[in-house]
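For what it's worth, the numbering used here labels the leading residue of the sequence shown as 824, then goes sequentially.
Notes follow the structure.
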Amino acid sequence: MCVFGTRPEAIKMIPLVCELERRDGITTLVTLTGQHRQMLDSVMSEFGVSADYDLDIMKTGQSPTDIFAAVLTGFDRVLAETSPDMVLVHGDTTTSVAAALSSFHRHIRVGHVEAGLRTGDKYSPFPEEMNRTLTSRIADLHFAPTEKNRQNLLAEGVRGENIYLTGNTVLDAFAYTVKDGYAFTDPALSRLDFTRGRIITLTAHRRENQGVGIENICRAAIELTRRYPDVTIVYPVHMSPAVRGTVMPLLSDRERIILTDPLPATAMHNLIARSYLVLTDSGGIQEEAPSLGAPVLVLRTETERPEAVEAGGVAMAGINTDGIVAAASSILDDKALHDRMASAKNPYGDGHASERIADAIEKYFGIEVK
Ligand code: UD1
Ligand code: UDP
824 MCVFGTRPEA
834 IKMIPLVCEL
844 ERRDGITTLV
854 TLTGQHRQML
864 DSVMSEFGVS
874 ADYDLDIMKT
884 GQSPTDIFAA
894 VLTGFDRVLA
904 ETSPDMVLVH
914 GDTTTSVAAA
924 LSSFHRHIRV
934 GHVEAGLRTG
944 DKYSPFPEEM
954 NRTLTSRIAD
964 LHFAPTEKNR
974 QNLLAEGVRG
984 ENIYLTGNTV
994 LDAFAYTVKD
1004 GYAFTDPALS
1014 RLDFTRGRII
1024 TLTAHRRENQ
1034 GVGIENICRA
1044 AIELTRRYPD
1054 VTIVYPVHMS
1064 PAVRGTVMPL
1074 LSDRERIILT
1084 DPLPATAMHN
1094 LIARSYLVLT
1104 DSGGIQEEAP
1114 SLGAPVLVLR
1124 TETERPEAVE
1134 AGGVAMAGIN
1144 TDGIVAAASS
1154 ILDDKALHDR
1164 MASAKNPYGD
1174 GHASERIADA
1184 IEKYFGIEVK
């Protein structure tokens, strides 16, 4: 049983769902919690995947407690009906930790995809750091994207034989989304000439950045378009009212700043691939962009993904306006630096993580592969 509820979980779990469905010895079910609605449905229809169950829990302005309570009880009903041999949860969302706990209450084994990321600060990112730490305590199998993630789990006492080094499934999704000669359907993007001028893709949505952080980020965007007449910033704005309430008043109707609704994953991946630079507080985008040739500046003060920073494709820019402008300017002013960052290796995998996870599950259950 694969369970997920947000956009990034869907993008990262669907390649695994597809891989599991190819395995003869495994029957695969999918439960959506509906922690997100439009942004989740968009990914499901794009990849042509349907769910067996949908808890449909989303409420405007939902708190982590609202989400947790609704998933805990809603998923318990699904488990009562289906009794799967294993539940697969992803990463650090409230959907994941609540679904893991529901499974534990019914003595159902849990596999944790994207396990072992840590900042070491329980309040940052909030509440994700605690969600993923608690999920690790519950999980029976841990699928770690990188060696560092594996080491984090070992240091917390997880037994080595239960950890599999797999890479991140986000790179598996490119097999479905990244296309040469892709044509954007969004009218504002289809009008953009990516060969003239430089495109910066911007996203910001994290709870800890909401309010002042996102306001600072918007001011940095305004300053960068003022300083660099050849730069256009594209910002697909998250559906969260807490995000839109800050971004729309500050950035609407600005020259060379294009605000869009959340983009389909295919459009997003092809936009990143055509961008000169990416500014983001997103976890998934930090993992994707190094494979798409775009340097990334992370709009946060800490990271659970230091591998790409060490590899050179990603740098930390913080959440102060001046710091973001300075970090972006250093890349916009120095083509050699840009090109070095753009060609850095992606440490998060090779596009075959789902196969390794499916192999590990077959091994765990002693499923004979014909
Ligand atoms: C959650 C994840 C976070 C992830 C983010 C991805 C947790 C703890 N955090 O953030 O790790 O980066 O999703 O985007 O689970 N909304 C809509 N329509 C949608 C989606 C959301 O209206 O399609 C609204 C919701 O009503 C909600 C707000 O956006 O009020 C925020 O969504 P929520 O899932 O609560 O986001 P986070 O918990 O901040
Ligand atoms: N993404 C998307 N459309 C958008 C913005 C992001 O498809 O308008 C994709 C992005 O390419 C990545 C994932 O959503 O695969 C990241 O999700 P998000 O930033 O919401 O969450 P995080 O990764 O920070 O948890």
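Built from N, CA and C at the ideal position, the CB exists for glycine as well.
- If you draw a 10 Å sphere on the C-beta of E1191, you find fewer than 16 other C-beta atoms in it, and that means exposed.
- According to DSSP, residue pairing for A1138 in a beta bridge involves L1120.
- T958 carries a helical assignment under DSSP once its states are collapsed to helix, strand and coil.
- Listed in chain order, the alpha helix (DSSP H) elements of length 4 or more contained wholly in the stretch 942-1012 are 951-961, 970-978, 997-1000.
- The beta carbon of H1028 sits closer than 7 Å to at least one heavy atom of the ligand UD1.
- As the crow flies, the alpha-carbon of S947 is around 10 Å from that of E1127.
- Taken through DSSP and simplified to helix, strand or coil, H930 comes out as coil.
- Check the Cα spacing between A1044 and each of D1016, R1030, S1075: the tightest is with S1075.
- With a cutoff of 8 Å on beta-carbon distance, E869 and P1087 are scored as near each other.
- In this structure, the alpha-carbon of G1135 lies about 14 Å from that of E1111.
- Not one heavy atom of the ligand UDP is found less than 7 Å from the C-beta of R1128.
- Proximity of the beta carbon of D915 to the ligand UD1 is indicated: a heavy atom of the ligand is located closer than 7 Å.
- Inclusion of G1107 in the 7 Å shell around the ligand UDP follows from its C-beta lying nearer than that to a non-hydrogen atom of the ligand.
- At least one heavy atom of the ligand UD1 lies less than 7 Å from the C-beta of Q885.
- For I1081 against V1054, the beta-carbon gap comes to about 12 Å, at or over 8 Å, which does not count as contact.
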